[in-house]
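Written out below as structure tokens is the structure these notes cover.
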Amino acid sequence: MPRVAVATCAQFPDLYEDDRPFADALAARGCDVTPAVWDDPAVDWSPFDRVVIRSTWWYHEKPEEYRRWLEGFRPAPGKLWNPPDVVAANIHKGYLLDLERAGVPIVPTELVRAGEGASLAAILARRGWPRAVVKPAISAGSADTWKVAAEAGPERLDFEASEARFRELAARRDVLVQPYMDEIHGEGEWSLAFIAGEYSHAFVKTPAAGDFRVQLQHGGTFRAASPGPGLIDQAARVLATVGSPLLFARVDGVVRDGRLRLLELEVNEPYLGFVHAPGSAGRLADAVLATLA
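Residue numbering for the sequence shown follows our numbering, starting at 731 and increasing by one per position.
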């Protein structure tokens, strides 16, 4: 009986609700399934045949510890999914610029290195962005993320506070600045899920009224969606740039002029929205078993 650990976080030691169908599907296929908290020093990972990353949340609060945890699987290739090298490269959102250099259309991104003394006002003026979103380069769940406007209007009133907040954040952390994409409040943000390199399902995320964040914890709404073959093909081309086998991935972006503009390529701990696609949890379980064959 294969032993499979589903890596989670201390806040959800018995798994986040979206991960339970996956664990159930593994058990139904004859696996011995154990939820395991990624940063619990009492966990012995050695007995497991496979460790599947799911809700290893709050890694962004201690990224070096997370990297060390990933590094611990390097002597056992094929044990951790996704592979530790791939996950480690996905933690810092500066990977977006690497993908852009590889020809992937991304939402324009300015990477500000910690301590370089950049000015938010200068970035917006140079880029010609009337509104923008500021976020740490290592972040999750929209933590320390906010929207700012450089143009006249109600949103402009808090610009001085945003500049001060930006300078404080950028003094100690790498920061991304991106233009705010109006499509977020229109069609929404697309999320296309892939399992074992093949398209599985998709959902669209939209923010609550008066907000810009699409995450569920911020009042965002997720709905099942059916992308056309063109959009699936564009997302698959993004995935192909990884150049390594993946158990799971999620491609996030907005569509502008028929073209997918990448916001994130999630190969670390993406919410996969099994609830939006009956059978998808089973497909992921089958993919895990295929790595054991």
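Cβ atoms here follow ideal geometry from the backbone N, Cα and C, with glycine treated the same way.
Short check: CB of residue i to CB of residue j, under 8 angstroms?
{"i": "residue 878", "j": "residue 850", "result": "yes"}
{"i": "residue 901", "j": "residue 844", "result": "yes"}
{"i": "residue 766", "j": "residue 806", "result": "no"}
{"i": "residue 732", "j": "residue 762", "result": "yes"}
{"i": "residue 734", "j": "residue 756", "result": "yes"}
{"i": "residue 873", "j": "residue 906", "result": "no"}
{"i": "residue 784", "j": "residue 809", "result": "no"}
{"i": "residue 896", "j": "residue 864", "result": "yes"}
Between the Cα of residue i and the Cα atoms of the options, which residue gives the shortest distance?
{"i": "residue 971", "options": "828, 735, 780", "result": "828"}
{"i": "residue 790", "options": "864, 966, 811, 869", "result": "869"}
{"i": "residue 1014", "options": "739, 768, 740, 748", "result": "748"}
{"i": "residue 992", "options": "792, 826, 917", "result": "826"}
{"i": "residue 835", "options": "1016, 973, 987", "result": "987"}
{"i": "residue 917", "options": "888, 880, 957", "result": "957"}
{"i": "residue 775", "options": "759, 847, 848, 799", "result": "799"}
{"i": "residue 932", "options": "912, 954, 915, 913", "result": "954"}
Does residue i pass the burial test, meaning 16 or more other C-beta atoms within 10 Å, or should it be called exposed?
{"i": "residue 919", "result": "buried"}
{"i": "residue 891", "result": "exposed"}
{"i": "residue 928", "result": "exposed"}
{"i": "residue 960", "result": "exposed"}
{"i": "residue 771", "result": "exposed"}
{"i": "residue 935", "result": "buried"}
{"i": "residue 777", "result": "exposed"}
In chain order, what residues of the same chain lie with their CB nearer than 8 angstroms to the CB of residue i, ignoring the 5 residues before and after it?
{"i": "residue 797", "result": "818, 821"}
{"i": "residue 969", "result": "924, 927, 976, 979, 981, 995"}
{"i": "residue 990", "result": "835, 920, 961, 964, 965, 968, 981, 983, 984"}
Does the CB of residue i have a neighbour CB from chain D at under 8 angstroms?
{"i": "residue 847", "result": "The question asks about chain D, but that chain is absent: this structure has only one protein chain."}
Please work out which residues of its chain come closer than 7 angstroms, Cβ to Cβ, to residue i, disregarding the five sequence neighbours upstream and downstream, and give them in chain order.
{"i": "residue 930", "result": "923, 924, 1007, 1010, 1013"}
{"i": "residue 788", "result": "739"}
{"i": "residue 908", "result": "837, 838, 839, 862, 863"}
Do three or more CB pairs link the region 853 to 863 to the region 921 to 937 at distances below 8 angstroms?
-> no
Touching by the beta-carbon criterion (3+ pairs, under 8 angstroms), the region 949 to 966 and the region 1011 to 1021 = no
Counting pairs of beta carbons, one from the region 810 to 826 and one from the region 996 to 1004, are three or more of them closer than 8 angstroms?
-> yes
Is the number of C-beta pairs between the region 831 to 847 and the region 1006 to 1013 that are closer than 8 angstroms three or more?
-> no
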